[in-house]
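Residue numbers (the numbering used here), protein chains in the order written: chain P, 1 to 111; chain D, 112 to 232.
This is the structure in structure tokens:
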């Protein structure tokens, strides 16, 4: 079983719509959680960290469910520029920073 | 945010040659840098953890004699792919790790370089 699992998609989303997807992780000792965005043939860029209380950054909302061991990302009012692959990242050792990456969820926003 | 550069951004080489990739943190010091490899439509796979002034720690299945890592300073780590073969063709990405506390919250982040696309003929 992979340590971090994501639905690969693609999620085809009309512009202006809302899309949400989850990521599950297997290690209950995981301490840090992130969503990264990766555009085609580019490096990952941090979208947002995910805090226990959940957090929002503009149109993006992230939630953490420790009991069920998943994190979620919701994108409201989707823009064409939101088309990308969203990588779920989990770190098990806070001080060392070693990250486990999911394979990514592809989102395609259509006009 | 913090800036990490990688050089070269792409390289094409013949089978059997060695290729050196540099990863630099431009506006901060990083005691730890990571090297990843990503094949098309797959996730980033951690190859090794590079610690300044000490030997790199390699992930299972990654040959340390083939992928030589040197972290000579707090701002520079290099990955050398020795005797490259076509199966080594991939997207190699480095990241620099920062952790600490700010505004009462702990942070643990990695900043990625733009990646190096290696093609071995």
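C-beta atoms are modelled at their ideal positions from N, C-alpha and C, and glycine is treated no differently.
As the structure is a computational prediction, the values presented were derived from the model and not from experiment.
| query | Which residues in the same chain as residue 82 of chain P place their Cβ atom closer than 7 angstroms to its Cβ, once the five residues preceding and following it in sequence are excluded? | reply | On the first chain, position 82 is the one that residue 82 of chain P refers to. Only 75, 107, 109 meet the Cβ criterion.
| request: Answer yes or no: does any C-beta atom of chain P fall closer than 8 angstroms to that of residue 204 of chain D? | output: For the purposes of this step, residue 204 of chain D is taken as the residue at position 93 of the second chain. Residue 204 of chain D counts as touching chain P.
| Name the chain P residues whose beta carbon is nearer than 9 angstroms to that of residue 225 of chain D? | Position 114 of the second chain holds residue 225 of chain D. 42, 43, listed in chain order.
| request: Pick helix, strand or coil for residue 232 of chain D, following the three-state DSSP scheme. | output: By 1-based counting over the second chain, the position of residue 232 of chain D is 121. Residue 232 of chain D falls in the coil class under three-state DSSP.
| message | How far does the beta strand (DSSP E) with residue 27 of chain P in it extend, from its first residue to its last? | response | Locating residue 27 of chain P in the first chain gives position 27, where the first residue counts as 1. That residue, residue 27 of chain P, is in no beta strand (DSSP E); it is neither H nor E in DSSP.
| request: Starting from the beta carbon of residue 181 of chain D, find every residue of chain P whose beta carbon is closer than 7 angstroms, and list them in chain order. | output: In the second chain, counting from the first residue as 1, residue 181 of chain D sits at position 70. Result: empty, since nearest Cβ-Cβ is about 20 angstroms, beyond 7 angstroms.
| query | Where do the N-terminal and C-terminal ends of the beta strand (DSSP E) with residue 76 of chain P fall, by residue? | reply | Here residue 76 of chain P refers to the residue found at position 76 of the first chain. Looking at the DSSP string, residue 76 of chain P is not in any beta strand (DSSP E), and its letter there is neither H nor E.
| In chain D, what lies closer than 9 angstroms to residue 73 of chain P by C-beta? | Mapped onto the first chain, residue 73 of chain P falls at position 73. Those within 9 angstroms of residue 73 of chain P in chain D number zero; the least Cβ separation is about 16 angstroms.
| DSSP-derived helix/strand/coil call for residue 198 of chain D | If you number the second chain from 1, residue 198 of chain D lands on position 87. Helix at residue 198 of chain D.
| residue 171 of chain D: contacting residues in chain P (beta-carbon distance under 7 angstroms) | As a working note, residue 171 of chain D is residue 60 in the second chain. Within 7 angstroms Cβ-Cβ: nothing; residue 171 of chain D doesn't reach chain P, min ~13 angstroms.
| query | How big is the Cα-Cα spacing for residue 137 of chain D and residue 205 of chain D? | reply | Here residue 137 of chain D corresponds to residue number 26 of the second chain, with the count starting at 1. Here residue 205 of chain D corresponds to residue number 94 of the second chain, with the count starting at 1. Going by the C-alpha atoms only, they are around 13 angstroms apart.
| request: Confirm, please, whether the CB-CB distance from residue 135 of chain D to residue 191 of chain D is below 8 angstroms. | output: On the second chain, position 80 is the one that residue 191 of chain D refers to. On the second chain, position 24 is the one that residue 135 of chain D refers to. The answer is no: Cβ separation not under 8 angstroms.
| Based on the DSSP output, what are the partners of residue 100 of chain P in its beta bridges? | Position 100 of the first chain, counted from the start, is the residue given in the question as residue 100 of chain P. In DSSP, residue 100 of chain P forms a bridge with P:90.
| Beta-carbon neighbours of residue 140 of chain D, restricted to chain P and to distances below 8 angstroms | What you label residue 140 of chain D is simply residue 29 of the second chain in a count that begins at 1. The premise fails here: residue 140 of chain D is roughly 14 angstroms from chain P at the closest Cβ pair, so nothing lies under 8 angstroms.
| By Cβ distance, which residues of its chain are closer than 8 angstroms to residue 92 of chain P, with the 5 residues on each side in sequence left out? | Here residue 92 of chain P is taken as the residue at index 92 of the first chain, counted from 1. Once the five neighbours on either side are set aside, the close Cβ partners of residue 92 of chain P are 27, 29, 30, 31, 98, 100.
| said: Rounded to the nearest angstrom, what separates residue 170 of chain D and residue 180 of chain D at their Cα positions? | reply: Stepping through the second chain from its first residue, residue 170 of chain D is reached at position 59. Stepping through the second chain from its first residue, residue 180 of chain D is reached at position 69. Going from the Cα of residue 170 of chain D to the Cα of residue 180 of chain D covers about 13 angstroms.
| query | How about residue 46 of chain P: is its C-beta nearer than 8 angstroms to some C-beta of chain D? | reply | For the purposes of this step, residue 46 of chain P is identified with residue 46 of the first chain, where counting begins at 1. Yes, its Cβ sits closer than 8 angstroms to a Cβ of chain D.
| request: Give the DSSP bridge partners of residue 84 of chain P, in chain order. | output: Taking the first residue of the first chain as position 1, residue 84 of chain P is located at position 84. P:107, per the DSSP bridge assignment.
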